[in-house]
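Asker: Below are the structure tokens for one structure; questions will follow.
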Amino acid sequence: MDLSREFGDESTPRNGLKHQTAALFHLLFRTLAVVVYLFCSFFGGGFALTFVLVVILLAADFWTVKNVTGRLLVGLRWWNKVNEDGSSEWVFESRKEGGSVYHSETENRLFWIAMFVSSTVWVLLLIKNLLSFKFGWMVVCLTGVFLSSANLYGYVKCRKDARAKVQGAVGNFLGRQLWNQTFGGATATASAGSEQQNQQQLLR
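Structure, rendered in structure tokens:
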């Protein structure tokens, strides 16, 4: 998994998994977090151990998805920076389109399905504990909901921003083409007419 290349320069096929390691780790930490939460108590692990392991796995998943798998699997990257005046600003980047750069449909589906399923699972576990009045375990589920939903929210906004940029670029291109066809032809006709008149005057 090469992280040294400049963002936007990756070339991926339309189908298949080119970034197999990234795809593995995109699923690994979030899956382990749910498995540990569900089965750690069966192997003698108490609440404290389960909480620590789940939080570590969720934090590892958050960092991996935000900094690695999002860039490699769907060509998106986001972060939130704090300006000098204290205000926060969302920053979005997307993979460059054109040339030999393609999005892998398989990697794209894997990325988004895993993101939505993970967030949904933690929400369901949170509701289950709420109905069972297990407020201690609710803290664990809230952590899962917050970390998984934060990444999901960031990438959804990033994808919308990327689509808006593409639509804006297409609109500008079509506008320029329409302008050139409408007024460029008239200008060329006027220039041709003027040149013809000049030639006629020289022949007299």
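In the working numbering, the protein residues as written are 76 to 279.
Just so you know, even glycine gets a beta-carbon here, dropped at the ideal spot from N, CA and C.
1. Thinking valine 220 and serine 194 are a contact (beta carbons under 8 Å), I'd like their distance in whole angstroms, please.
2. Should leucine 107 and leucine 132 be called a contact, given that it needs their Cβ atoms to be closer than 7 Å?
3. Name the DSSP bridge partner or partners of tryptophan 212?
4. Check for me: the beta strand (DSSP E) holding glutamate 168 runs from which residue to which?
5. Suppose contacts are defined by Cβ-Cβ distances below 7 Å. Is alanine 237 in contact with serine 169 by that definition?
6. Can you grab the Cα-Cα spacing for the pair phenylalanine 117 / valine 111, in whole Å?
7. Need the endpoints of the alpha helix (DSSP H) that glycine 184 sits in, please.
8. My assumption, with CB atoms under 8 Å, is that leucine 103 sits in contact with alanine 189. Please give the rounded CB distance.
9. Where in the region 96-136 do unbroken runs of the alpha helix (DSSP H), each at least 4 residues long, occur, reported from the N-terminal end onward?
10. Considering only the alpha carbon of each residue, which of Cys216, Phe167, Asn204 lies closest to glycine 145?
11. Please state the DSSP three-state secondary structure of leucine 92.
12. Is it buried or exposed for serine 162, if we count other Cβ within 10 angstroms and need 16 for buried?
13. Report the three-state DSSP secondary structure of asparagine 158 (helix, strand or coil).
Answerer: Per the coordinate set shown:
1. Translated into positions along the sequence shown, residue 220 becomes position 145. Translated into positions along the sequence shown, residue 194 becomes position 119. With a Cβ gap of about 7 Å, valine 220 and serine 194 count as contacting.
2. Along the sequence shown, read from residue 1 onward, the residue named residue 107 stands at position 32. Along the sequence shown, read from residue 1 onward, the residue named residue 132 stands at position 57. Yes.
3. For the purposes of this step, residue 212 is taken as the residue at position 137 of the sequence shown. None, per the DSSP bridge assignment.
4. For this step, residue 168 is matched to residue 93 along the sequence shown. Taken as a continuous stretch (DSSP letters only), the beta strand (DSSP E) holding glutamate 168 covers 163-169.
5. Within the sequence shown, numbered from 1, the residue matching residue 237 stands at position 162. Within the sequence shown, numbered from 1, the residue matching residue 169 stands at position 94. Yes; because the gap between Cβ atoms is below 7 Å, this pair is in contact.
6. Position 42 of the sequence shown, counted from the start, is the residue given in the question as residue 117. Position 36 of the sequence shown, counted from the start, is the residue given in the question as residue 111. C-alpha separation (whole angstroms): 10 Å.
7. Here the question's residue 184 lines up with position 109 in the sequence shown. The residue you asked about is not glycine; residue 184 is arginine in the sequence shown. 180-206 is the extent of the alpha helix (DSSP H) around arginine 184.
8. For the purposes of this step, residue 103 is taken as residue 28 along the sequence shown, with counting starting at 1. For the purposes of this step, residue 189 is taken as residue 114 along the sequence shown, with counting starting at 1. Leucine 103 to alanine 189, Cβ: 10 Å. No contact.
9. none
10. Numbered from 1 along the sequence shown, position 70 holds the residue referred to as residue 145. Answer by Cα proximity: Phe167.
11. Within the sequence shown, the letter at position 17 stands for residue 92. In the structure shown, leucine 92 sits in coil (DSSP, three-state: anything other than H, G, I, E or B).
12. Counting from 1 along the sequence shown, the entry for residue 162 is found at position 87. Counting Cβ neighbours within 10 Å, serine 162 comes out exposed, since fewer than 16 surround it.
13. Locating residue 158 in the sequence shown gives position 83, counting from the first residue. In this structure, asparagine 158 counts as coil in the three-state DSSP scheme.
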